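Structure record follows, encoded as structure tokens.
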Amino acid sequence: MMYDGGDYESCCACHGDNGGEHKRRCDGTHVSVDRYEGRGYWVVNVKSRDRPKLLFDIVCVLTDMQYEVFHAAVTSN
11 MMYDGGDYES CCACHGDNGG EHKRRCDGTH VSVDRYEGRG YWVVNVKSRD
61 RPKLLFDIVC VLTDMQYEVF HAAVTSN
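If you're matching positions, the sequence shown starts at 11 in the working numbering and goes up one per residue.
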């Protein structure tokens, strides 16, 4: 969804970072999708620089794509 629109710059250094150390310090946008088969749902994690209404915009995009969003949360540093 973000890739098609070119709305973000990916961090090429993070793709080969198996230990995750670079990702923890990186300011780039990172999206991961994990499936929890036992419970029948998916979890989408987005790590990005903050901006007003970021969580709202993410939830709107997912619902526009016909996904059901049951919970959304923010963690900040």
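By construction, the Cβ of each residue, glycine as well, lies at the ideal position given by its N, Cα and C atoms.
Nothing here was measured: the structure is a model prediction, and the numbers come from that model.
Local conformation of residue i per DSSP, three classes
i      : result
Arg-45 : strand
Val-84 : coil
Closer than 8 Å to chain C by CB, residue i
i      : result
Thr-39 : Although the question refers to chain C, the structure presented lacks it and comprises just one protein chain.
Closest residue to residue i among the options (Cα-Cα distance)
i      : options                        : result
Val-79 : Gly-38, Ser-58, Trp-52, Ser-42 : Trp-52
Val-41 : Ile-68, His-81, Thr-73         : Ile-68
Tyr-77 : Val-54, Glu-47, Val-84, Pro-62 : Val-54
Cutoff 7 Å; reference residue i; Cβ partners in own chain excluding five residues on either side
i     : result
Ser-4 : Nothing about residue 4 can be reported from this structure: the residues present for the chain run from 11 to 87 only.
6 Å Cβ shell around residue i - same chain, five flanking residues per side excluded
i      : result
Leu-72 : Val-79
Leu-50 : Going by the sequence as given, residue 50 is Gly instead of Leu. Cβ neighbours of Gly-50 beyond the five flanking positions: none.
Val-84 : Leu-65
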